[in-house]
Structure formats: C-alpha cells, structure tokens
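Protein chains in written order, with my numbering: chain A, 58 to 417; chain B, 5 to 210.
We put the CB at the ideal spot given by N, CA and C, even for glycine.
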Amino acid sequence: MLSNAIKALKANALKTTLIYFSLIFSIVSIFLISAISSGIISMYSSMLKSDGDIIITQAKISDTFFSNVDINLINKIDRLNGVKESSAMIVGASPVEKLPIVAVYGVTKNRLKNYKLIKNNYPKQNEALVGEAIYTNLKNKNSISIANKDFKISGVFTSDVGFENGSVVINIDEAGKIFNKSASMIMVNSDLNANIELLIKNIKSLDTNIDAKSTDNFVDNYNQFKIIKTSSNVISLIAFAMGLLGIVSIMSITINQRKSEFGIKRALGISMKKIIYSIMFESLILGCLSFVSAFLLSEFALYLIKHSSHLQGYVNGEITFSLALSIFLTSISMAVIGAIIPAFNAAQTDPVSLIQGNRI
Amino acid sequence: MIKAVDITHKYNNDLALNRVNLEIKKGEFVSIIGESGSGKSTLLSILSTLLKPSEGDVIFNDTNYKEIENIDTFRQTNIGFIFQFHYLINYLNVKDNLKIANEKVSEEEINTLLEKLDIQELVNKYPSEISGGQRQRVAIARAMMNKPTVIFADEPTGNLDSKNSLKVFELFKKLSNEGTIIIVATHDLKLAALADTIYEVKDGQL
Numbered sequence: 058m059l060s061n062a063i064k065a066l067k068a069n070a071l072k073t074t075l076i077y078f079s080l081i082f083s084i085v086s087i088f089l090i091s092a093i094s095s096g097i098i099s100m101y102s103s104m105l106k107s108d109g110d111i112i113i114t115q116a117k118i119s120d121t122f123f124s125n126v127d128i129n130l131i132n133k134i135d136r137l138n139g140v141k142e143s144s145a146m147i148v149g150a151s152p153v154e155k156l157p158i159v160a161v162y163g164v165t166k167n168r169l170k171n172y173k174l175i176k177n178n179y180p181k182q183n184e185a186l187v188g189e190a191i192y193t194n195l196k197n198k199n200s201i202s203i204a205n206k207d208f209k210i211s212g213v214f215t216s217d218v219g220f221e222n223g224s225v226v227i228n229i230d231e232a233g234k235i236f237n238k239s240a241s242m243i244m245v246n247s248d249l250n251a252n253i254e255l256l257i258k259n260i261k262s263l264d265t266n267i268d269a270k271s272t273d274n275f276v277d278n279y280n281q282f283k284i285i286k287t288s289s290n291v292i293s294l295i296a297f298a299m300g301l302l303g304i305v306s307i308m309s310i311t312i313n314q315r316k317s318e319f320g321i322k323r324a325l326g327i328s329m330k331k332i333i334y335s336i337m338f339e340s341l342i343l344g345c346l347s348f349v350s351a352f353l354l355s356e357f358a359l360y361l362i363k364h365s366s367h368l369q370g371y372v373n374g375e376i377t378f379s380l381a382l383s384i385f386l387t388s389i390s391m392a393v394i395g396a397i398i399p400a401f402n403a404a405q406t407d408p409v410s411l412i413q414g415n416r417i
Numbered sequence: 005m006i007k008a009v010d011i012t013h014k015y016n017n018d019l020a021l022n023r024v025n026l027e028i029k030k031g032e033f034v035s036i037i038g039e040s041g042s043g044k045s046t047l048l049s050i051l052s053t054l055l056k057p058s059e060g061d062v063i064f065n066d067t068n069y070k071e072i073e074n075i076d077t078f079r080q081t082n083i084g085f086i087f088q089f090h091y092l093i094n095y096l097n098v099k100d101n102l103k104i105a106n107e108k109v110s111e112e113e114i115n116t117l118l119e120k121l122d123i124q125e126l127v128n129k130y131p132s133e134i135s136g137g138q139r140q141r142v143a144i145a146r147a148m149m150n151k152p153t154v155i156f157a158d159e160p161t162g163n164l165d166s167k168n169s170l171k172v173f174e175l176f177k178k179l180s181n182e183g184t185i186i187i188v189a190t191h192d193l194k195l196a197a198l199a200d201t202i203y204e205v206k207d208g209q210l
C-alpha cells in the first residue's frame with residue numbers, strides 16, 4: 058500500500074508538489090503565528106512572574122501601559138502581614154537612536170537586582186541600564202536619549218526575556234517624569250506561608266482605585282494575552298482553511314485525471330472503502346512529509362527572527378513539544394479532511410463509463 | 005451459468021433493452037454484435053453486475069443478482085473485465101497492475117499466468133514500455149487474476165491490428181475451452197464468428 062501510494066504521488070509529481078507546498082505554507086503559517094504569539098505571551102508572563110506573587114494595577118484599566126497607581130502605596134503594603142517586599146514599575150516606550158520603539162522600564166531600586174549585569178553598574182540618577190540586544194545596536198555606547206532627555210549608560214544587562222533584553226531600565230522617579238505617572242504597577246512578594254487571597258483583600262482595602270490579583274490570575278486574565286491568543290487562533294484557522302482548500306482543489310483535479318484508474322478498480326471489485334482509504338493514505342503521507350518540512354522551515358524562520366537586530370528580540374517564538382504535537386495533529390487532520398471529498402468522488406467513479414467505451 | 009430473464013432497461017424514458025432473454029453455459033464463448041447504440045454495452049453492463057436493470061432478473065449459478073449482498077466481493081471473485089482501452093495504471097509495472105485485482109496473489113502465480121499468455125518477459129515493464137497488443141494481453145491477465153467464472157470483454161480489439169486481434173480471440177477460445185465463460189461485445193464480424201454463439205442486439209432486442 059505504501060509503495061503504491063508513493064508511486065501514485067510520484068506519477069502526479071506536479072500536483073503532488075503543489076499540494077505539498079500548499080500544506081507547507083499553511084503549516085508554517087500556523088507554526089509561526091502560534092510560536093510567536095505564545096512566545097510573546099510567555100516572555101511577558103515570565104517578566105511579570107519573575108518577582109511577585111501579587112500584581113497591583115489601576116482599577117478598571119485593562120492594559121498595564123495605561124495603568125497609573127500611587128507609588129506611595131508601597132510603604133503601606135510593606136507594612137501588611139505576609140508581605141516580604143514590594144516593588145514598582147513603569148512600563149513605557151520611546152524611540153532610541155534609529156530604533157522606532159524601545160521598551161523603557163522605570164523601576165524601584167529594589168527591583169534592579171532582577172537585571173543580570175554583564176557590564177559595569179546599575180543606574181543612578183540620570184543613568185540608564187541597557188539590555189544586551191539594545192546595546193549591540195547602539196552607535197553611541199556611552200549615552201542614550203529618551204524623550205529628549207540624555208542618560209549616561211551605566212551598564213549592560215542580559216535577560217532571557219526578549220522584552221527585557223531589548224529594553225532600557227531607568228530609575229522610576231525619572232520614568233515617572235517622562236511618562237507622567239507614578240507607577241504602572243506594583244509587584245508584591247509575599248512570605249512563604251502567606252495567605253495570598255487574604256493579602257489581596259487587605260491590599261485592595263488600602264485604595265479603591267487599585268486592582269490586585271495573584272500573578273497567575275493576572276496573566277490568565279490579561280486582556281492583551283487574550284487578544285494575542287484570539288488573533289493567533291483566527292490566523293491559524295484561516296491558514297488551516299487555506300491549506301484545506303488547496304488540498305481539496307488540487308486533489309480533485311488529480312482524482313479527475315485518475316478516474317480511469319478508479320473506474321477499473323471499481324470494475325475489478327475493489328470496494329469503495331478501499332479506494333477512499335488509498336487516496337486518504339496518499340494525502341496522509343503528504344501531510345506527514347509537509348509537517349516535517351514545515352517544522353524545519355519554521356525553526357529556521359524563528360532562528361532568523363530571534364537573531365534579527367531589527368526586531369530587537371521582541372519577537373520571539375519557541376516550538377514546544379506540545380505545540381509541535383498539536384500542529385502535527387492539525388496537519389494530519391488537514392490532509393485527511395482535505396482528501397475526503399476527492400476520495401469519495403474517486404470511489405464513486407462509475408465503471409459503466411469504462412464498459413461503454415468512454416475513455417474517462 | 006448466466007441466465008437473463010426478461011431484462012428491460014431504460015435511461016430516463018429511453019428504452020435501451022427490451023425484454024431480453026438469454027442463457028450462457030459454462031465454458032461458452034459468446035459474441036455480442038450490434039451497431040453503436042444498439043444496447044450491447046448496456047446488456048454487458050447488466051450481465052456483469054455494473055448496472056441494475058429497470059426490470060427483469062439475472063441469475064448467476066442459481067444466484068439472482070438482486071440477492072447478492074456484497075456486489076464488490078462477488079465481482080472480484082467471479083467476474084473479469086477487459087475494455088477497449090487497456091486501462092493499465094501507468095505508474096505501476098505489469099506485476100503491480102496485476103496485483104490491483106488481487107493483492108494477495110503470489111509471484112509464482114503471476115509468473116504462471118504471464119507464461120500462459122506468453123508475456124512473462126514483461127513482468128517488470130511499465131505500460132509505456134510495451135506495445136498495444138502486449139498491454140491488452142496484460143489487461144487479459146489482470147481479468148484472469150482471480151480465476152473468474154466469466155470474463156466480459158467490451159470491444160477488446162478496438163485498438164489492435166488484425167494480427168493482435170486474432171491472437172486475443174484465440175486466447176479467449178483457449179480460456180473458454182478451459183471452462184471460463186467469455187462474453188465479448190464486438191463490431192468485428194470475422195472475429196465474432198470465432199465464438200461458439202453469436203447474439204445480435206438490435207434496437208434493444210436480442
């Protein structure tokens with residue numbers, strides 16, 4: 058069966074190649090959009106989860122970029138039972154040299170330790186710590202300008218999180234002046250045995266203008282993640298549909314050209330089921346081959362994206378085993394579903410057309 | 005034995021066959037002649053289970069076609085087909101083409117069959133590498149793969165020269181002598197005359 062299926066695919070080389078490429082483009086699209094969106098979500102989640110069990114943002118503001126909370130709350134929060142330490146952060150963005158948009162984090166001093174230094178020192182007043190990815194792109198390695206204010210580069214840090222590695226870190230009071238806010242969010246580190254729910258309740262009671270959530274809860278309900286996930290799913294679905302249409306249309310043409318083959322098989326008593334299986338098996342082989350090719354191509358594309366200086370490390374994707382498995386199953390489904398209609402058409406070839414002397 | 009009883013067939017309202025009765029015995033070599041559109045292909049289709057008649061019955065060794073549950077298995081076991089065009093699958097060699105009819109057949113059985121048809125040297129050749137006459141012989145071999153009780157041939161010599169056509173009919177004669185029913189639809193009256201019985205279909209009647 059395998060041998061005959063491969064021979065049939067080879068015999069229709071042009072159409073097989075077209076189906077193969079159609080599948081590859083669809084699968085690569087699904088791979089890239091899924092890997093990149095989950096990569097972005099994972100990067101931001103890792104950043105948020107890096108030091109904090111509770112995240113405090115402005116109430117009824119759905120994005121951390123627009124959130125503004127009073128930094129002085131830190132003093133009150135630190136006095137609560139079960140709080141180990143709290144820190145604040147301003148999330149902003151600014152052009153830096155030729156780079157159109159660079160993430161700028163204004164952080165409290167106790168948060169600086171999160172940035173792993175690879176060169177010189179943490180920033181003091183009028184100084185900025187720059188991520189490795191930004192530093193390599195800078196022409197002027199001594200100072201940078203953020204919102205028309207010059208900062209001396211105090212040091213360079215590295216991070217596995219692309220958003221951080223391609224960012225600039227300054228002191229929160231200076232970031233507050235630039236972005237005109239007190240803090241985007243406050244992160245609270247709790248004691249090991251602290252009751253998180255009770256702590257959240259106590260934090261919320263400090264100010265009616267704030268919203269406090271456990272980090273996991275915050276990440277799960279973060280609107281931006283939902284938008285990214287939904288967009289990714291919609292694009293994947295479109296890619297799936299495009300791939301499916303590609304298979305159905307090209308497969309239908311192939312089947313139409315092979316009608317005499319199916320007609321003679323039907324005349325010889327080969328069951329419809331067997332003919333359907335044989336066509337779906339051919340499609341399955343193409344699905345598997347396309348998946349392997351698409352996987353390698355996607356890994357290569359993600360490598361290029363990861364190392365592209367234009368993207369500053371902000372766009373990053375990783376193909377996890379579960380993602381690869383789910384896309385493998387998607388590819389197989391695409392190949393099998395796409396072959397169903399042509400396979401049924403083939404199986405229904407009327408052998409009477411052969412006996413009536415028509416060369417079908 | 006194949007027996008057709010009062011076979012009538014209509015395509016929409018057009019009468020293709022009208023109350024046809026015939027009986028073909030084991031090992032009989034039958035030629036069906038008639039002009040194009042006379043109904044001989046319809047008769048062949050009905051006798052070979054490919055088409056259900058509008059009215060009437062076909063009985064094959066005491067089994068009415070209407071009572072057969074799995075027509076595919078019945079066809080695969082009892083019936084062989086040869087068409088005007090060989091309909092060999094181009095991307096398969098002769099051996100694999102024969103295995104289409106019966107994938108469980110052994111190499112030895114294939115070789116024996118090809119020897120019988122004097123085409124044993126073609127076993128690994130592809131249809132594009134052999135002549136028209138040889139292709140039709142391979143098609144005959146494919147029809148014989150399951151040792152059928154009856155072989156239906158529709159204009160099997162339509163694309164062959166007279167020398168190859170005669171060879172095919174001689175082969176049919178040999179097969180019928182061995183007990184296989186051969187039913188051939190043909191335009192060629194000289195070849196038809198080689199059969200044991202000749203039926204002429206005219207305006208849907210025998």
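- Under the Cβ criterion of 8 Å, GLU318/A is counted among the residues facing chain B.
- With a beta-carbon spacing of about 5 Å, ALA199/B and PHE33/B fall inside the 8 Å limit used to define contacts.
- The shortest CA-to-CA distance from ILE384/A to any of ALA296/A, ALA269/A, ASN259/A and LEU256/A is the one to ALA296/A.
- DSSP, read as helix, strand or coil, puts GLN115/A in strand.
- ALA157/B carries a strand assignment under DSSP once its states are collapsed to helix, strand and coil.
- Counting only the Cα atoms, ILE11/B lies some 34 Å from ASP165/B.
- Secondary-structure assignment with DSSP links ASP18/B through a beta bridge to TYR15/B.
- Cβ contact annotation for GLN88/B (same chain, cutoff 8 Å, sequence separation greater than five): ASP158, GLU159, PRO160, GLY162 and ASN163, in chain order.
- Comparing alpha-carbon positions, the option among PHE176/B, GLU113/B and THR81/B lying closest to LEU195/B turns out to be PHE176/B.
- Below 8 Å, too few C-beta pairs join the segment 323-333 of chain A and the segment 65-75 of chain A to call them touching: fewer than three.
- At a cut-off of 8 Å between beta carbons, ILE376/A makes no contact with chain B.
- The beta carbon of THR387/A is closer than 7 Å to those of ILE87 and PHE297 in its chain, skipping five residues each way along the sequence.
- In this structure, the alpha-carbon of ILE362/A lies about 10 Å from that of SER355/A.
- About 5 Å separates the beta carbon of ILE134/A from that of SER143/A, a gap short enough to meet the 8 Å contact definition.
- Below the 9 Å Cβ cutoff, chain B contributes no neighbours of ASN402/A, its closest Cβ being approximately 18 Å away.
- Closer than 7 Å at the C-beta level to chain B, one finds no residue of the segment 218-236 of chain A.
- In the DSSP assignment, ASN194/A falls within the alpha helix (DSSP H) that extends over 189-194.
- Cβ neighbours of ALA396/A within its own chain (closer than 7 Å, five residues either side excluded): ILE304, MET308, ILE336, MET337 and SER340.
- At least one beta carbon of chain B lies nearer than 8 Å to the beta carbon of ASN61/A.
- In this structure ASN94/B is in contact with PRO131/B, their Cβ atoms being roughly 5 Å apart against a cut-off of 8 Å.
- Within the DSSP secondary-structure output, TYR203/B pairs in a beta bridge with ILE36/B.
- With its beta carbon at least 8 Å from every one in chain B, ALA70/A lies outside the interface.
- Between the segment 131-151 of chain B and the segment 53-72 of chain B, the count of C-beta pairs closer than 8 Å stays below three; the two stretches do not touch.
- Residue-level contact check: LEU118/B does not touch chain A, since none of the beta carbons of chain A fall below 8 Å from its beta carbon.
- When Cβ-Cβ separations below 8 Å define contact, SER328/A makes contact with chain B.
- HIS13/B counts as buried, since at least 16 other C-beta atoms from the protein chains shown sit within 10 angstroms of its C-beta.
- Identification of chain A residues near TYR69/B by a Cβ-Cβ cut-off of 9 Å yields none; the smallest Cβ-Cβ distance measures about 14 Å.
- Counted as a single uninterrupted DSSP element, the beta strand (DSSP E) harbouring LYS209/A occupies residues 206-215.
- Residue-level contact by beta carbon holds for LEU55/B and chain A, with a gap shorter than 8 Å.
- Contact annotation: SER365/A and TYR91/B have beta-carbon atoms that are not nearer than 8 Å.
- When DSSP states are grouped into helix, strand and coil, ASP407/A belongs to the coil group.
- By DSSP's assignment, ALA189/B forms a beta bridge with ILE36/B and ASP158/B.
- The beta carbon of GLY183/B sits closer than 7 Å to those of LYS30 and GLY31, all from its chain and outside the five residues before and after it, given in chain order.
- Membership of VAL305/A in the alpha helix (DSSP H) is indicated by the continuous run 280-314.
- Burial is judged here by how many other beta carbons sit within 10 angstroms of a residue's own beta carbon; ARG79/B has at least 16 and is buried.
- For PHE85/B, the neighbours in chain A by C-beta distance under 7 Å run, in chain order, ALA324 and LEU325.
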